[in-house]
Structures are given as C-alpha cells and as structure tokens.
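Chain order of the listed sequences is A and U. Sequential numbering of the first sequence, starting at 1, is according to the working numbering. Sequential numbering of the second sequence, starting at 1001, is according to the working numbering. Notes follow once the structure below has been shown.
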Amino acid sequence: MQGETIAAIATPRGTGGIAIIKISGKDAVAVAAGCLSPRGARKLSRARGYSVFFDRVVSPVSGETIDETIVLLMRSPRSYTGEDVVELQCHGGELVAEKVLDAVLSRGARMAEPGEFTRRAFLNGKITLDEAEAVLDVVLARTDRALRQAFLRLEGKLGKSVLGWRDKIAAVLAMVQGALDFPDDITLRDEDVVPALEEVTAEIDSMLKDGVLGLALTAGVELALVGRPNAGKSSLFNALLGEDRAIVTEVPGTTRDLLRERVQWAGIPVVLVDTAGLRETREIVEAIGVERARKAAEESWVALYVVDASRPLTGEDWYWLERWRDRRVVVVLNKADIAPEHVKRDISAVVAVKTSFPVVEVSARTGWGLEKLKETVIGMFEGADRESVVPGSARQVACLRKAREALGRALEAWREGWTWDVVASEMEDACRVLDEITGSRISEDVLGEIFSRFCVGK
Amino acid sequence: MECIGTRIIGAYDACVVGSGHAACEAALALSRLGKSVAMVTLNANNIAGMACNPAIGGPGKAQIVREIDALGGEMALAADEACLEMRILNQSKGPAVQSLRAQCDKRVYSGHMRAAIMKERRIALVEGMVTGVLTGDGTVEGVVLSDGRRVLGRAVVLATGVYLESRTIVGPEVKISGPMGEPSARGLSASLVKLGLEVGRFKTGTSPRVRRDSVVWDRVRKEEGAAVPLALSFMSVPRVWDFDACYSTETCEATHEIIRANVSRAPLFNGTIVGTGPRYCPSIEDKVMRFPERKRHLVFLEKESRDSDEIYLLGLSTSLPLDVQEEMLRTIRGLERAVISRPGYAIEYDYVLPNQLKPSLETASIPGLFLAGQICGSSGYEEAAAQGLIAGINASRYLDGKEPLVLGRDQAYIGVLIDDLVSSPITEPYRMLTARAEYRLLLRQSNADLRLTPIGREIGLVSDERWAVFETRRGQVELGRKLLNREICGRRAGDYLRRPGSSIEELMKDMPELCELDADVLEEVETEARYAGFIERQESEVRRLQRWSGKRIPPGLDPDLVPGLSRETKDKIRRYRPATLGRAADLGVSPVDILVLGAYLQGRPAGGE
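And the structure:
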C-alpha cells in the first residue's frame, strides 16, 4: 500500500556530517525529481530498483542550486516503509537541510508526523510490532548507549528468547494437556513439568532484572535525591545540573514538590529528582511533599541519600536507611568541605557496618566530589548493564512480568497441591501473555506437540 | 400420502437425512418442538449405530454429553440405559477435567434411540438414498431420492456421517461402501457442489472385531469399572455398572515386526489413501512407524453387547490387508487364536468445509439447509450428537422465524465445538479436547445443567419433569452458595475452601444446614467456592484479551475496503469469515494485519455494523 507522500529530515537537528531528507509515498519519485537538476530528474524517473547517484538540489522557486546531494532510491516494496522511498543526502547544517525540506514540501509532499515512517513500515508488513517498537525507541532514544540497546533488540534477540520460552512452555503444557485429554495414554509426572517451569521462570526473572535498565535507557534512569531537611539536596541537585534550577534557602523544608531534570552521564540519560526533606510534619502541604519524596525514592532506580556531614546521623536517618536496605542507595555526605573529619569518619564507619551502601563525600557548594559521585552511580549502571537482551518497551516489560506471574502461580498452585486442571490454566495464561509479545498463537502448537510427541488415541 | 403423479411422497416441516447420532438428535429436537419430520435413511434398521468403539464420554466428550442432556437431548439417557461399565477419568486431576466414560451395549443403545424416535408421532422414517437437495429461489424445499421420489421440507438437516462417496479400504481391497458393509451415499455430494458448496475428503478407521469365544480370557487383564453409582444423564438414577465389559492386553515387538515387514502393503503408506486422517486416532501401523521406540501398545478388548459374539479391539485400528491383521493377532497375548469376524478398515468420505456454515449450523449460502455431524468435518458420536441437537433446534427456529441458538465459548463445549468448526480451518477430523476450551474451569460436566437447562427450557426442549428435577437441584445449589457466603469465625465460609486440602466436611460441623444438601450439590458448591479465585482471574484475563480479540468483525465486511491488508489475510477473511479479531488471529492472520484490521474497525462509527 502506498500512502500520501510524506517527507522529513531523518537525521538529528544541528551539526553533523550529513543531513538526510527522507521522502516516502506514492509520489516520492516525482516529488524528488522536482527538486533535482533536469538530468537528475530524468535519471531518477527511469531508475528501476535500488539506485544511487550524485546530483544537485535545485530550488523550485528560484532555480538556484541549494546543495549537492546523493540521491538514494528504493522502490516499493523493497524499502523501509514498503513504499517508494527517496533519500536526499545533503551536507549537514540546519539551514541547508531546512531549505531542501522546504523544496520537497513545495513539490507536494506533506511533513511526516513523528514515527510515521515506522508506522507505515509496520502497516505495510515490513516490520513486526516488536521491531516497530524497537525502531521507535531508536528514533526517540536520546543517546548512543540507548541506541545500542535498541539495536540489540532490533536484531530480534528478544524475540528469540521469548520464542524459546514459549516453546519450552508449550512442550510442558503439551505434556500436561495431553495427560488431561488422553489419560489412558499419558501419565503425568511432576519431574517432567516442574523443573522446566522453574527454569523458564528463572530466565525471565533474570531478563526482567535487566529490563529495569533497558527501560531506563530509553526513558532515563531516575535518580532521586532524598534526605532530611536542610541536608543540601537542592544545592546538590543544582550542582549536578550545573545551573540554579531549585530554590535553595537556609530554611528547612523549602522544597515542597518534586523537581525533575534530565542530564546525561556517560551517555546515559539520567533524570534527577529533587524532593522535599523527609521529616514528621503537621503542615499539610509539606506532608504531601514528604510522601511524594518517599515514593520518588522508592520508584527511582537509585536513591541518593543526602546527609549533612557536619552532624551525626539521627534516628530518622536510620529509619529510612533501614527501610531501603534492599534498594539501590548511595549515601552522600554533603558539606564535606566544612565538616569535621571525625564526624565524617564516624558516619562512614557506622554506615559501612550497618548497611552495604557506598558512601561518597561531596561539597555541593564547591563541586568537590561530584565526579566521584557520578562515577559511583555510573558504576552501578555498568554492573547492571550486561549488554544482554533487554526488553525495553513498557508493553514488553509488562507482558514479561505477567507471564512471570502466571508461571509463578502455576508453580505455586502445584506446590500447594492444586489439581492439574488449575495448574494447566495458569500455564495457558503465561502462554497467552507471551503470545502478546510475539503475536503468534500457541494453542495449535500445543496440540501439534501432543500429537507429535506422544502416542495417543485409539 | 404417496402422490404418484409428481412422485412427491410427503411434505413435512423438515427433512433429516441420516439416522446416526446427529440425525437422531436433530429429528427428536424438531419433533419435540412441534415440527413434522421425515427422517430419510439408507437403512431404517441402522439407527444410532456405533461403527467404532462402543463407548460414550471421555475428556471433553463427557462434558458435551452432559450439555446435550441439559438442553433436553437424548444421548445421555440412551447411554445410561445401555451402559455396561462406567469409569471416571481424570479423577485426581481436578473437577474441570473429570470426565465420565460409559462403555455401552451397542444393541441396547441403538434400541433406545429407535424407541425414542418411534414414540414421536411427528417423525416418519423413510428408507432411501438421498441424491440431491431441492431448492427454489435459493431456498431449501426438500430432498430428492435416487429413485426419483421427492420428500418436501422447508428445512433440511443433512447428517450423513461418513457415507458421502465413501470407500472402505482393507489392504488392496478398496470398495465403494459405507461403514460396516452399509452402502455408500452416492450423488448427494455432487449435488452439494452444484449448489456451490466446497467439499473435502477425510479418512478415518476402525479396528478388527474378533469372536468372543476365540479369545483366551484368562490371558488378558480385566479392567475394573468404577465401584460407585454413576450416571451420565441428570435424569438417570446413578447406578453401579458391573458388567465385566473391558479387558486389556498389549502388542509386542513381534507384532511390530510384522507391521514393519508389511508396511509396503499398508494403504496409509503406499498411497492408496489420500484423505486426511485424525492425529488423535492413529492406526496401529501409524503408531508403530511413528514411535519406533515404543516396545508395546495397549489393546483393550471391549464387549460390544451383552449378547453379541463380537469383541472390539480398541487400539488396533488398521487398514492393513486381512492376512496381516490375522498374523498380527497371533503375536498378541490372549488373541493368539482369535478369529476375526470383521476386519479393521479405513474409510474415506466427503465432508463439507464447515467454514461455509453460520454458527447456527445453517449453510451461509442456502437458507434452510443445515448440516450436522461428520459431514461438517467432526469426528465422534458426542460431537455429532451435539451438532444434531443444535441443527435440529435451529432448523425449528428457522421455520418459526426465530433467532438461532448460538452458544458461547464460555457457555458450553458445544459452543467451542461449533465456533471452532465454522470459523477456523479444519485440517483433520475435529475431535473435542479439553485443551480447546479456554474457559475449561467453568465448563464442568458437573454444572452442565446449571449452565444450560434454563436455555433448554426457554427453547422448549426441557420437559416439565426435567425442569422440576432441575429446579430442586438449583434450589439446593443456591442454598449451598448462600450458606458458604455466611461468616464463620469472621471469615466467609467459602474462603476456607480456597485452601487445597480443605473439604466441605470440615465446615459441616459448624454449619449443620450443609448436611441437608445432596452429595452432588455439596460437591458442586464446594468446587465453585474452591475454584472461585482461579475462575475470577481466568475470566478477567480472558475479558482483558477480548478487549481486542473479542472485537467483532462485521459478517459482511468486504476486506478490500480495508486499506493495507495483505492478500493472504483478505483470502482468509473471505473464506472463514472470522467473527472476531481473536478468531482472525487463530487463522494465522499476521499481527500486523490484526492491528490494521483493528485500527480500521476502531475507526468505524459505533453501531455502524
């Protein structure tokens, strides 16, 4: 199917080696030809399949040459979108690219909406839902590292893992289902079912653990700055941002609501979240702020627990550190430049004894130690980043999580002594959800499996 | 009645063609709903015959039998009367898959059905071979017989089983014949093609029968039936069935050697048989060739009748030449001296591709023409009877100008059966399996009456007597539910049952009222309470999926109007007319096309269907 002709600058705005103007749709060739030299226009119109040649982009209004270009033609259906596609590769530079795009638009193309090329590719059956999501992630990804993750997915590793699990579950389900439908022929033994389910469960668990980071890589890793009032969270927030974003005063409880800002550390998009100081309060607005701070800490990928290094830790500090003992936390000793050495030492020592959290000394005021803090956090990313297959999109993560839950319920039902009809139903649930990722249907597979593996029936 | 001039031998409300399990239920339903019926059959002495093994029920099938019964059909009553031995299958695997299976006396079964039909004044039995369906203005008007006679009926139910252009195969011997030496039905298939229906070819088979006195009975194992009172029909008094009807033995390496040595003479392997056979009903040569590692295969010896001389050898379905069949038996313990009374055979037959049917079982292109049973590509007595019942009910409703009865997949196995038949590609004779029912936990054999008897009553098939029995049971079940809703020690009583290993007996101490309920009612409310959590989640999961998969595709949708669909998908939509996006996905429509279709349907104005 060829839709109306759309065009857009396909390369990121701003400086770069080249700028690509992409045109797709039923009139793509005619539109592009209208922007080329007469010789180029003829060449393009006659070209059959893939072709590449050098030409000039000419202003349809003035007839002046705008830029030199490499013309790349991909005829339907052998293109990314499945439609006729022409790419005009020009010299980088925002102004030139805009001018070329203007020329193309004046020849009858319409400005593409974000993601519209991918949507057309998907609608024309060029890519699957899974791949479309990965491509959209590429398009929307903010940084190189996120791009690399997205490419990993594009190659279908995720699909392969999911298909692998699905096959495993189908095989086990065939055994159970076969025994339910052909009780004379198939005897059901726990050892044929349970270990396989446990194995798949463990594999999904390990991918889900990575998934948190995969998700973070496209959306940004949330880093919450929390701690008691006046520990200097907002100062640290500003220091890490490199600008005065949060209001900083001497008055405890100045920050009432969450503040979010996006930064980039080592190629990873990071969302810094400044929060209200954690303390008991009767004031209703502040109480809401405290509650939001707690939630932000618990929903973030890592919490920076900021303390005033010039004072010993309080019971309230310990309350929170205890509460978050199983989460990723970095204890940040702020005001380290003015704090007495022995107080800092005492805090570090007691944190080391009671928790496994790393401790970093910084000064938000002077900027001292900030690099160390970033390195510590980046190190935590690296630890989690195994370059393995990472299910990135929220939908996929949600499906995996559901499949994991259903398998968990199947195993739990078995352990609790529920009958096989219930266990089988939970397994079917898991399959249904995995099928939502791959888009195929498992039920026929299971029947096929029964008949090919077991000698059933009279 | 016979009218020589036009050779019209009678005008009825409906004609039912056939006298097997589907035809019997269809004719009975029509007659009980007040319609006059001509039942046209090749052999009026062969009513509700069991051409294969003499058993009714089993996983997925017992549920269907109970559903037929709950709607007011006859099958369960016949099976109970004819029962020799009853078993509970899957007893330990949970109430959802627990299934009764009755081994029946074929003669008694057939006799019961014959008597039921004779009792109906409105049914006329006509012997003859139907060779064509009469239509006028594209609507059904009756059938024509091979001798030129015509039977008029404004609705026609074809339930011709495996007889259409059938041929039987035993080794090199290929005969134009129906099962068990009956004649083949010739011509009708071609008449259907002329009416625009597409037919396909399937194959099935059966086992050799041996003479009872030629079996060495002390060399085979006795298979015990259940020692508790059981019944298939909600109307039968449960009994202990103790006729020793079933024994077992097994094949051995020597048997398999004989098969391997003669595989070139096996019609299944040398190209004689072209029809597709069912995977779940493999012949012994199939089993041996496909599973070479198996050292033995079970063989059940089933008595076909109290007073018949024939023994059915379940598990030995074959179309090998007779001399190979005989040689095989020599190697099987207890059958060394067995005398074959009828050889096993394969049978090939025409069926009508069921995607040409509406969910009412009426053909989409010819108003008034209904199909039921193996002609629709199904297999099994129970599957056939269920379709016969629904086709009979809907033929009657068609005559009355009423909306057809269509059962949902969440309402009955019958709903699953018909939905699968009419809206998914059938590549082998279709047999019901519990695996096919996504609402399995809901569709228990034990609650078929609670699910369907009110529907049967509304349709008019449930007699006052059955309704009275049902209302008593339903009253008790409702009382039981109410009791389990009460609190004991601060908790809802029913919640205690959600723990596995708990039992309703424990509750009886604190709730003496429970003791007044019948055992079957106690079991039912206990199951409901115990499974409530799972059923709720299953329902909500299926509902969630149905948000998109349940999205209806209007029946008249022209796929060409949907931009961006692949040609393959368009073909599938035209061919199978999937009712929902989910069914389209079942047909193998790619996820992309599902999305395109979904997006298209989404864009249509509400109520625009």
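We put the beta carbon where it would ideally sit given N, CA and C, even for glycine.
Per the C-alpha coordinates, the member of Asn1394(U), Asp1510(U), Ala1102(U), Ser1146(U) positioned closest to Gly1368(U) is Asn1394(U). In this chain, the alpha helix (DSSP H) harbouring Asn238(A) covers 233–241. Gly1034(U) carries a coil assignment under DSSP once its states are collapsed to helix, strand and coil. A straight line joining the alpha-carbon of Arg1337(U) with that of Arg1219(U) spans about 12 Å. Here the alpha carbon of Val86(A) sits roughly 5 Å from the alpha carbon of Ile23(A). For Val1162(U), no Cβ of chain A is located within less than 8 Å of the residue's own Cβ.
At a beta-carbon threshold of 8 Å, the residues of chain A lying near Pro1059(U) are Leu180, Asp181, Phe182, Pro183, ordered along the chain.
For Ser79(A), no CB of chain U lies under 8 Å from its own CB, so it is not counted at the interface with that chain. Counting only residues of its own chain and dropping the five nearest sequence neighbours on each side, Lys1106(U) has a CB closer than 8 Å to the CB of Gly1049, Met1050, Pro1054, Ala1082, Glu1304, Ser1305, Ser1308.
Within the model, the alpha-carbon separation for Val1174(U) versus Leu1313(U) is close to 22 Å. Taking a cut-off of 8 Å for Cβ pairs, the segment 1079–1098 of chain U and the segment 1207–1222 of chain U do not touch, as fewer than three such pairs fall below it.
Contact between Ser1184(U) and Arg1167(U) holds, with the beta-carbon distance rounding to 7 Å and staying under 8 Å. Met111(A) counts as exposed, since fewer than 16 other beta carbons sit within 10 angstroms of its beta carbon. Among the CB atoms of chain A, one or more fall inside 8 Å of the CB of Pro1500(U). Against chain U, the CB of Gly49(A) has no partner CB under 8 Å away; the residue lies outside that interface.
Residue contact check for Glu416(A) against chain U: a CB pair falls below 8 Å. Secondary structure at Tyr50(A): coil, using DSSP grouped into helix, strand and coil.
At a cut-off of 8 Å between C-beta atoms, Thr419(A) counts as an interface residue with respect to chain U. In this structure, Glu1074(U) lies near Cys1024(U), with their beta-carbon atoms less than 8 Å apart. Residues of chain A with a Cβ closer than 9 Å to the Cβ of Gly1094(U) are, in chain order, Leu180, Trp418, Thr419, Trp420, Asp421, Val422, Val423, Ala424. Take the alpha-carbon of Arg323(A) and the one of Glu280(A): they are about 16 Å apart.
For Gln177(A), the chain U residues whose C-beta falls within less than 9 Å of its own C-beta are Leu1433, Thr1434, Ala1435, listed in chain order.
Thr1249(U) is a Cβ neighbour of Leu1335(U), given a cutoff of 8 Å.
Spanning the alpha carbons of Leu173(A) and Leu1417(U) requires a straight line of approximately 21 Å. Linking Arg1491(U) to Met1039(U) through their CA atoms gives a straight-line distance of about 59 Å.
Taking a contact to require three or more Cβ pairs closer than 8 Å, the segment 19–35 of chain A and the segment 91–109 of chain A qualify as touching. Using a CB distance cut-off of 8 Å, Arg1122(U) does not count as an interface residue toward chain A.
Look at Gly1136(U) here: in three-state DSSP terms it is strand. By the criterion of at least three beta-carbon pairs nearer than 8 Å, the segment 1090–1101 of chain U is not in contact with the segment 1249–1259 of chain U. Selection Gly1010(U), Ile1009(U), Ala1027(U) evaluated against Val1017(U) yields Ala1027(U) as nearest (Cα-Cα).
In this chain, the beta strand (DSSP E) harbouring Glu1310(U) covers 1310–1314. Within the same chain, and ignoring the five residues on either side of Ala246(A) in sequence, the residues whose Cβ sits closer than 6 Å to its Cβ are Ser234, Phe237, Asn238, Leu259, Asp274.
Tyr50(A) is the residue among Ala10(A), Arg328(A), Tyr50(A) whose C-alpha sits nearest the C-alpha of Pro77(A). Taking the CA atoms as reference points, Gly25(A) sits about 23 Å from Lys1570(U).
The beta carbon of Ile1375(U) sits closer than 6 Å to those of Leu1158, Thr1160, Tyr1351, Val1352, all from its chain and outside the five residues before and after it, given in chain order. Neighbours of Leu1441(U) in chain A, taken as residues at a C-beta separation under 9 Å, are given in chain order as Asp421, Val422, Ser425.
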